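First up is the structure itself, then whatever we jot down about it.
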Amino acid sequence: MLVPLTNDPRAYAWGSTTLIPDLVGRAPSGGPEAEVWFGDHPADPAVTADGRTLDAWLAQDGAATGAPAQLPYLLKLLAAASPLSIQVHPSKTQAQQGFAREEDAGIPRDASHRTYRDANHKPELIVAVSDEFHALAGLRDLTSTRRLIDAVGPGARPLAERLAADDSMADALAWVLTDEAAPDVRAIIDAAAAADSEEFAAELDLVRAMDAQFAGDPGIVVALLMNRITLRRGEGLFVPAGMLHAYLSGLGVEIMAASDNVVRGGLTPKHIAIAELLAVVEPRPGPVDVVHPRPVSPGVDRFDVPVADFSLDRVQAAGAGERRVPVGGPAIALATAGQLVVVGATSGSSLTLGPGQAAFVTPDEGSVRVTGDGELFLAAPGRAGVG
59 MLVPLTNDPR AYAWGSTTLI PDLVGRAPSG GPEAEVWFGD HPADPAVTAD
109 GRTLDAWLAQ DGAATGAPAQ LPYLLKLLAA ASPLSIQVHP SKTQAQQGFA
159 REEDAGIPRD ASHRTYRDAN HKPELIVAVS DEFHALAGLR DLTSTRRLID
209 AVGPGARPLA ERLAADDSMA DALAWVLTDE AAPDVRAIID AAAAADSEEF
259 AAELDLVRAM DAQFAGDPGI VVALLMNRIT LRRGEGLFVP AGMLHAYLSG
309 LGVEIMAASD NVVRGGLTPK HIAIAELLAV VEPRPGPVDV VHPRPVSPGV
359 DRFDVPVADF SLDRVQAAGA GERRVPVGGP AIALATAGQL VVVGATSGSS
409 LTLGPGQAAF VTPDEGSVRV TGDGELFLAA PGRAGVG
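Under the numbering used here, the first residue of the sequence shown is numbered 59, with each subsequent residue one higher.
Structure representation (structure tokens):
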């Protein structure tokens, strides 16, 4: 069975006003359109053609098709025009322990100051749909970071002193995020905003842009310590537990484990949990690998990830022939270009999907056939043997 899915964009302040409207071919709403969720997450479940939310559909009709009561993943369109919060996600063990602590403390699960809203981890993969997608991810190697700090000049000396010891940035992060560092943080931001460096021009430009939006925020100094990543269309970034990250701009397809656990460290009016971030973050610097899709059959590429919660395939059709894609459990198809016809192999039911349109594919289909001219992403639970 193929079940059409729709949802309204979420109006987070960092969202783009144009990227999603341009993708789907409609006029902008006038406000930010940051994310469209295609899944059964109770915070914002997708809506089926008969008006039921997907979580309700799964509870009432899913078992007859072999679908579980809850999906292990959440698929989104994400459209950023300005930086998201600097954040990190916990491991499963950390999430279980943190969730239990906050449950025992009696903190309501929807409280603004709650960190752990469930007991699951939240690894995620973002794949660029726009020509470029910009992000911060992980901590830059110390040699390059010291060159950047040297370019900022004497105003960054307090930070430089905390990068002189070993191959961990734990001390530097802990210091930057304390209240006592606030005067030095302001001085470092001012020095970086006034600095000039050909090698680090993009990083310094980012400081100026962030300070205009989040004046004096310590997260701006944390951003100076992070790898700046540019994904080209079709490239992905996998974010495991502990990796500090912040998406900056661009349109992407994002898939993650079904969790809402975000530990924030700056660039946001939302709850910031510094002690928890320092307990969860991986403080050792190093490069971040871009995920390139691996061909698995004609017109079908796979983004390999080391988790069992989700998998993501990209299907590209060019007008001639069809693409056959196995469905390894409950799947969601999301079109991002052209016009494609998706046919369930068992039921024979079909849907035509254009950019931004999605459908739930029940597990009893076994596979789907895709024809037409365009591109879609197929999300499913993780495949055995990966990672």
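Note that the Cβ used here is the ideal one computed from N, Cα and C, for glycine as well. Here the structure is a predicted model, which means the values were calculated and not measured.
Close-in-space but distant-in-sequence residues of the same chain around residue i (CB under 7 Å, 5 per side omitted)
i	result
V400	L60, A391, S408, L409, L411, A417, V426 and V428
G432	A375, A393, A395, G396, Q397 and L398
G379	none
A177	A153, Q154 and F157
T404	D422, E423 and G424
F272	I278 and L325
Same chain, Cβ closer than 6 Å to residue i, neighbours up to 5 away in sequence not counted
i	result
T420	M59, T123 and A125
A107	P62
K180	H147, M314, A315, S317 and N319
G430	A375, Q397, L398 and V399
A218	I207
K150	H179
A228	P341
V216	A small fix is needed here, since residue 216 is Pro in this sequence, not Val. Here the set comprises D242.
D66	none
G414	L81 and V82
Proximity below 8 Å, CB of residue i to CB of residue j
i	j	result
L197	P298	no
N285	P345	yes
L325	P141	yes
L206	L282	yes
S226	P356	no
P353	P130	no
E293	H329	no
L335	F191	no
D359	F435	no
L81	L309	yes
D119	P103	no
E160	T173	yes
G231	A137	A quick correction: the sequence has Leu, not Gly, at residue 231. Contact flag unset, no.
E91	G109	no
G89	T111	no
V279	I246	yes
A383	R291	What sits at residue 383 in the sequence shown is Val, not Ala. No, Cβ-Cβ distance for V383 and R291 is not below 8 Å.
R322	S143	yes
G213	A260	no
D269	A251	yes
A101	A117	no
A389	A437	yes
Own chain, CB closer than 8 Å to residue i, minus 5 neighbours either side, in chain order
i	result
E182	H147, F296, V297, E312, I313, M314 and A315
G443	Per-residue confidence for G443 stands at a pLDDT of 34, beneath the threshold of 50, marking its modelled position as unreliable; the derived number appears in the next sentence. Correct list: empty, nothing qualifies.
M84	For the sequence presented, residue 84 should be read as Arg rather than Met. The answer is none, since no qualifying residue turns up.
T236	I332
For residue i, the nearest candidate out of the options (CA to CA)
i	options	result
I287	P276, D275, Y305 and A273	Y305
G277	A245, Y174, Q145 and A252	Q145
D99	S87, K134 and W72	It is His, not Asp, that sits at residue 99 in the sequence shown. Of S87, K134 and W72, the residue nearest in Cα terms is K134.
W233	R244, G211 and R220	R220
A366	A249, G386, V348 and D80	G386
F96	Y70, G308, T64 and A69	T64
S87	L262, Q415 and A69	A69
F446	A239, D208 and A121	One cannot answer for residue 446 here, as it falls past the ends of the chain, which runs 59 to 445.
F361	A245, V185, E93 and T75	V185
E93	S202, A139 and L116	A139
D189	R381, S307 and I332	S307
I332	H171, L116 and D66	H171
S255	V243, R167, A222 and S202	S202
L194	F368, R381, V373 and D347	D347
Start and end residues, beta strand (DSSP E) containing residue i
i	result
F96	E93 to F96
G287	In the sequence as presented, Gly is not what sits at residue 287; that position holds Ile. Note, I287: beta strand (DSSP E), M284 to R290.
V339	Taken as a continuous stretch (DSSP letters only), V339 belongs to no beta strand (DSSP E), as it is neither H nor E.
Q415	First-last for Q415: undefined, no H or E at that position.
L217	Element bounds for L217: not the beta strand (DSSP E) but the alpha helix (DSSP H), R215 to E219.
T359	In the sequence under discussion, the amino acid at residue 359 is Asp, which differs from the Thr named in the question. From DSSP, the beta strand (DSSP E) with D359 extends over V358 to F361.
T64	L60 to T64
P353	R352 to S355
I165	From DSSP, I165 is part of no beta strand (DSSP E); its letter is neither H nor E.
P384	R381 to P384
A114	That residue, A114, is in no beta strand (DSSP E); its alpha helix (DSSP H) goes L112 to D119.
L77	Unbroken run through L77 is the alpha helix (DSSP H), L77 to V82; no beta strand (DSSP E).
E433	S425 to A438
Delimiting residues of the alpha helix (DSSP H) encompassing residue i
i	result
G156	K150 to D162
D16	Residue 16 is absent from the structure shown; the chain starts at 59 and stops at 445.
M268	A259 to Q271
I246	A240 to A252
A230	A228 to V234
I144	It is not in any alpha helix (DSSP H) - I144 instead sits in the beta strand (DSSP E) that spans I144 to V146.
D108	Premise fails: D108 is in no alpha helix (DSSP H) and is neither H nor E.
Contact test: residue i Cβ vs the ligand PLP heavy atom, cutoff 7 Å
i	result
K328	As far as ligands go, the structure on display features none, and thus does not contain the ligand PLP.
Short CB-CB distance (under 8 Å) between residue i and chain D
i	result
G406	Among the protein chains of the structure shown there is no chain D, as only one such chain exists.
**Report entry** Ranges of the alpha helix (DSSP H) found wholly within the segment 175-222, counting only runs of at least 4
**Finding:** 200-210 and 215-219
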